[in-house]
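A quick write-up on the structure given underneath.
See below:
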């Protein structure tokens with residue numbers, strides 16, 4: 017039963033620290049997504065777990081065996097590459113059966129197995145086509161099929177959907193998760209697309225600049241982000257400067273153009289984070305001016321200018337607002353996440369690169 | 065109005081390419097085939113020659129082909145690990161190794177043959193006596209860099225992710241190489257093999273250094289052709305030349321056909337055996353690098369040890385250097401103008417004629433230079449022009465493909481969107497060429513010019529076949545060695561080496 021443990025893993029390329037002191041545990045049957053902006057080290061971490069790259073320091077365990085120095089062909093894994101790396105000189109069937117062939121498996125059994133897997137990914141009819149003759153979606157499915165024939169219960173996916181059109185990618189990710197869950201595989205999937213991560217993951221690992229920022233289920237990470245960057249990278253959020261001071265029995269928080277009473281909190285400068293869907297537009301609350309209104313189908317989107325800050329509200333379509341219209345916004349205190357105002361400045365704390 | 069402008073531009077373009085094509089056909093291609101129609105040695109009229117094969121010719125041809133075959137096999141076995149290292153290594157070592165592999169290329173083949181023969185022979189290691197095996201040693205030394213160059217370029221073109229994918233599927237490094245990388249660069253390997261084979265087949269100057277005086281008369285086919293010509297047996301020289309031209313063209317056709325159709329069998333895999341060879345990797349690399357050092361690099365420069373400080377033939381050496389460089393410069397310059405035009409025609413497949421001219425250029429490239437030189441010289445002498453110009457025309461013919469091939473390849477690889485982008489921004493076609501295309505292909509033009517220059521400089525066989533009065537530097541080296549003036553020959557070689565090194569250095573810097 018696969019169970020991956022990454023202990024204190026670092027990888028340096030010359031002076032550049034791609035990842036530093038990463039610790040991570042992946043349980044059997046879990047679908048884990050490594051999420052982060054490009055250059056955050058997520059692919060480096062994946063390639064180290066798969067054995068394609070050697071770490072500069074640290075250890076990797078699979079099933080409690082130290083595999084740190086084991087080459088990829090001896091780790092018994094499946095790997096789906098970013099651009100698939102389908103062998104251009106082999107047809108669909110020969111690509112699929114390549115793994116069993118080079119491992120010297122029983123020919124008849126592996127042929128049967130390959131045919132079953134091709135059925136599973138709906139490519140059985142195209143078994144004699146060459147990769148260049150397939151559509152992007154088919155190539156992606158073939159890459160998954162080829163990775164599955166190793167019979168491993170560990171599947172690694174490096175940006176498996178990024179080369180596809182948005183619509184096809186969105187369709188395939190649901191299909192892929194279902195299949196991986198049906199086959200009871202343990203999957204490690206790398207992406208920079210937070211929507212994709214939310215849809216497929218049991219557990220998301222948010223990375224930035226070679227470090228892990230937060231690990232948790234999609235709900236946990238969305239509703240209680242560990243820091244400003246995570247709040248910013250996963251879903252939209254309003255970031256409002258706030259200052260808290262003592263006020264008798266409780267505290268007072270200055271926010272936008274008003275002041276709110278709240279339970280006792282340490283005084284100081286804060287950033288208040290509120291998700292757009294938690295902001296309602298009505299007749300009481302903070303007064304502001306509508307600066308932008310867009311109808312997006314099922315939901316609508318309004319930007320309200322209050323002082324020199326802009327607050328975004330998202331709500332099920334129904335109402336509409338004119339530019340320049342005076343409105344009030346309000347939100348509940350329990351929907352506000354407070355973070356200490358970052359020493360490096362708010363912009364720097366949110367930067368994705 | 066706009067339509068009219070388009071039409072006149074089309075006519076201008078057509079005129080340009082017509083000149084390019086005419087230059088190639090009239091001044092290079094047809095003259096190389098002229099020999100096949102000069103059957104009557106007595107008259108200058110056209111008639112088909114009677115082709116015959118004497119026992120002497122047979123043994124010369126047998127020598128040539130078996131030598132070329134053994135040389136290619138040696139090159140490939142010991143060349144792949146080094147080429148692999150150059151293509152895949154990420155460290156600084158790659159840069160130095162690249163430079164070392166290029167080094168023998170700047171030694172003209174006659175000097176290289178002289179040097180290698182000294183190294184292995186009685187003056188050096190005393191391991192090989194002159195004759196069959198000495199020719200192999202000499203040919204290996206000068207073809208090895210070509211093979212490593214071409215193969216490492218072919219390996220570099222294969223995306224490394226295919227290998228990694230194969231490894232994650234359970235293939236050992238050797239299995240991944242055999243089943244994935246090798247099938248993907250096999251056409252590059254075949255072309256490299258063909259190039260080395262034909263270079264070995266056609267080399268004259270270096271071969272003359274390696275055949276012992278006693279065995280001179282059953283040497284290789286190009287050397288035998290020269291002997292016939294020098295003895296006045298023109299019909300035998302023509303016969304052997306036509307056979308050489310025909311076989312090299314046939315070989316080219318077969319290899320080009322196989323390059324895209326030959327399948328490397330991968331059905332059978334022996335996982336445990338192939339995996340166990342993993343521990344041999346280090347030994348394999350060490351052996352390949354030792355081979356490169358001992359059989360190529362050191363022999364190439366061994367002659368420097370013999371360089372005389374007080375050459376008795378200084379005047380002749382200087383005169384030959386002036387002749388050699390004038391001819392190489394003329395040939396390179398003219399080929400730059402007309403060859404780049406042909407490269408564009410092939411690279412962009414103008415009028416659908418790309419593949420045809422690609423093949424014809426290849427055909428000229430693989431022709432043994434003695435046959436080519438003999439044919440070109442016979443053709444140009446019909447016009448009663450001075451021997452110097454005849455010699456220059458011969459050198460234009462032999463060096464032409466070396467400019468066309470690399471430039472055509474880099475034009476083919478160029479993204480045409482870049483040119484379209486310039487057009488959309490308002491650049492006229494000529495401006496696009498000058499400001500966008502030309503700067504992007506300049507490195508390959510430079511590389512082509514260096515190759516053409518070096519080919520002209522080091523050519524012995526074609527020069528001997530074309531002229532008796534003008535002694536280029538490799539011809540002089542051969543002469544000096546034949547009269548046992550090793551010190552002077554080494555001096556001439558060293559001067560040539562230094563001058564070509566600086567010529568290349570200057571070309572590269574621009």
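Residue numbers (this note's numbering), protein chains in the order written: chain P, 17 to 369; chain C, 65 to 574.
Just so it is clear, CB atoms sit at the ideal spot from N, CA and C, and this is done for glycine as well.
Listed by chain order, chain C residues near residue i by CB distance under 7 Å
{"i": "residue 76(P)", "result": "Those within 7 Å of residue 76(P) in chain C number zero; the least Cβ separation is about 15 Å."}
{"i": "residue 345(P)", "result": "Correct list: empty, because the minimum Cβ distance to chain C is about 47 Å."}
{"i": "residue 97(P)", "result": "225, 229"}
Within chain P, the residues that residue i reaches when beta carbons sit closer than 9 Å
{"i": "residue 506(C)", "result": "The premise fails here: residue 506(C) is roughly 30 Å from chain P at the closest Cβ pair, so nothing lies under 9 Å."}
{"i": "residue 248(C)", "result": "103, 104, 105"}
{"i": "residue 193(C)", "result": "Simply none; closest approach about 46 Å."}
Where residue i meets chain P, residues with beta-carbon distance less than 7 Å
{"i": "residue 231(C)", "result": "87, 88, 89"}
{"i": "residue 226(C)", "result": "101, 103"}
{"i": "residue 234(C)", "result": "89, 115, 118, 119, 166"}
{"i": "residue 244(C)", "result": "103"}
{"i": "residue 480(C)", "result": "Neighbours of residue 480(C) on chain P: none; closest Cβ ~20 Å, over 7 Å."}
{"i": "residue 239(C)", "result": "118"}
Whether residue i touches residue j by CB criterion (8 Å)
{"i": "residue 353(P)", "j": "residue 289(P)", "result": "yes"}
{"i": "residue 312(C)", "j": "residue 431(C)", "result": "yes"}
{"i": "residue 256(P)", "j": "residue 266(P)", "result": "no"}
{"i": "residue 302(P)", "j": "residue 345(P)", "result": "yes"}
{"i": "residue 416(C)", "j": "residue 466(C)", "result": "no"}
{"i": "residue 164(C)", "j": "residue 460(C)", "result": "no"}
{"i": "residue 147(C)", "j": "residue 202(C)", "result": "no"}
{"i": "residue 463(C)", "j": "residue 527(C)", "result": "no"}
{"i": "residue 124(C)", "j": "residue 260(C)", "result": "no"}
{"i": "residue 287(P)", "j": "residue 258(P)", "result": "yes"}
{"i": "residue 524(C)", "j": "residue 388(C)", "result": "no"}
Terminal residues of the beta strand (DSSP E) in which residue i lies
{"i": "residue 48(P)", "result": "47-51"}
{"i": "residue 77(P)", "result": "73-78"}
{"i": "residue 354(P)", "result": "353-356"}
{"i": "residue 34(P)", "result": "32-42"}
{"i": "residue 317(P)", "result": "315-322"}
{"i": "residue 305(P)", "result": "302-311"}
{"i": "residue 342(P)", "result": "342-346"}
Interface partners of residue i on chain C, CB under 9 Å
{"i": "residue 162(P)", "result": "229, 233"}
{"i": "residue 133(P)", "result": "None at all; the shortest Cβ gap to chain C is about 13 Å."}
Distance between beta carbons of residue j and residue i, contact taken as under 8 Å
{"i": "residue 52(C)", "j": "residue 441(C)", "result": "No answer is possible for residue 52(C): it lies beyond the span of chain C, which begins at 65 and ends at 574."}
{"i": "residue 105(P)", "j": "residue 247(C)", "result": "5 Å"}
{"i": "residue 88(P)", "j": "residue 68(P)", "result": "6 Å"}
{"i": "residue 23(P)", "j": "residue 57(P)", "result": "Actually they do not touch by this definition, with Cβ atoms about 16 Å apart."}
{"i": "residue 244(C)", "j": "residue 103(P)", "result": "6 Å"}
{"i": "residue 227(C)", "j": "residue 217(C)", "result": "Wrong, their Cβ atoms sit about 17 Å apart, outside the cutoff."}
{"i": "residue 308(P)", "j": "residue 319(P)", "result": "4 Å"}
{"i": "residue 522(C)", "j": "residue 174(C)", "result": "7 Å"}
{"i": "residue 319(C)", "j": "residue 258(C)", "result": "5 Å"}
Host alpha helix (DSSP H) of residue i (start-end)
{"i": "residue 336(P)", "result": "Neither: residue 336(P) is in no alpha helix (DSSP H) and is coded neither H nor E."}
{"i": "residue 232(P)", "result": "Here residue 232(P) belongs to no alpha helix (DSSP H); instead the beta strand (DSSP E) covers 227-232."}
{"i": "residue 212(P)", "result": "210-216"}
{"i": "residue 93(C)", "result": "Careful: residue 93(C) lies outside any alpha helix (DSSP H) and carries neither H nor E."}
{"i": "residue 364(P)", "result": "362-366"}
{"i": "residue 97(P)", "result": "Taken as a continuous stretch (DSSP letters only), residue 97(P) belongs to no alpha helix (DSSP H), as it is neither H nor E."}
{"i": "residue 109(P)", "result": "108-118"}
Contact set between residue i and chain C, taken where Cβ atoms lie within less than 8 Å
{"i": "residue 66(P)", "result": "232"}
{"i": "residue 93(P)", "result": "232"}
Neighbouring residues, chain P, relative to residue i (Cβ below 8 Å)
{"i": "residue 207(C)", "result": "Correct list: empty, because the minimum Cβ distance to chain P is about 28 Å."}
{"i": "residue 536(C)", "result": "The premise fails here: residue 536(C) is roughly 46 Å from chain P at the closest Cβ pair, so nothing lies under 8 Å."}
{"i": "residue 204(C)", "result": "Chain P residues near residue 204(C): none, gap ~31 Å exceeds 8 Å."}
Review point. Which runs of the alpha helix (DSSP H) fall wholly inside the segment 130-204 of chain P and span at least 4 residues, in chain order?
Key: Listed in chain order, the alpha helix (DSSP H) elements of length 4 or more contained wholly in the segment 130-204 of chain P are 152-164, 182-198.
Review point. Which whole runs of the alpha helix (DSSP H) in the segment 468-498 of chain C are 4 residues long or more, in chain order?
Key: 480-488, 493-496
Review point. For the segment 136-211 of chain C, which segments carrying the alpha helix (DSSP H) assignment without a break, of at least 4 residues, lie completely within its bounds, in sequence order?
Key: 157-166, 173-184
Practice item. Return the chain-ordered ranges of every beta strand (DSSP E) run that is complete within the segment 262-294 of chain P and spans a minimum of 3 residues. Key: 266-271, 274-278, 284-290
**Study point:** Entirely enclosed alpha helix (DSSP H) segments - the segment 509-567 of chain C, minimum 4 residues
**Key:** 525-530, 537-546
Check your understanding: Along the chain, which unbroken stretches of the alpha helix (DSSP H) at least 4 residues long are found entirely within the segment 229-317 of chain C?
Key -> Runs found: 237-240, 246-266, 269-274, 285-294.
Check your understanding: Quick one: complete alpha helix (DSSP H) runs, 4+ long, within the segment 357-394 of chain C?
Key -> 362-365
Review point. Which parts of the segment 419-452 of chain C are runs of the alpha helix (DSSP H), unbroken and 4 residues or longer, counting only runs that do not cross its ends?
Key: Secondary structure remark: continuous alpha helix (DSSP H) runs of at least 4 residues inside the segment 419-452 of chain C, in chain order: 433-445.
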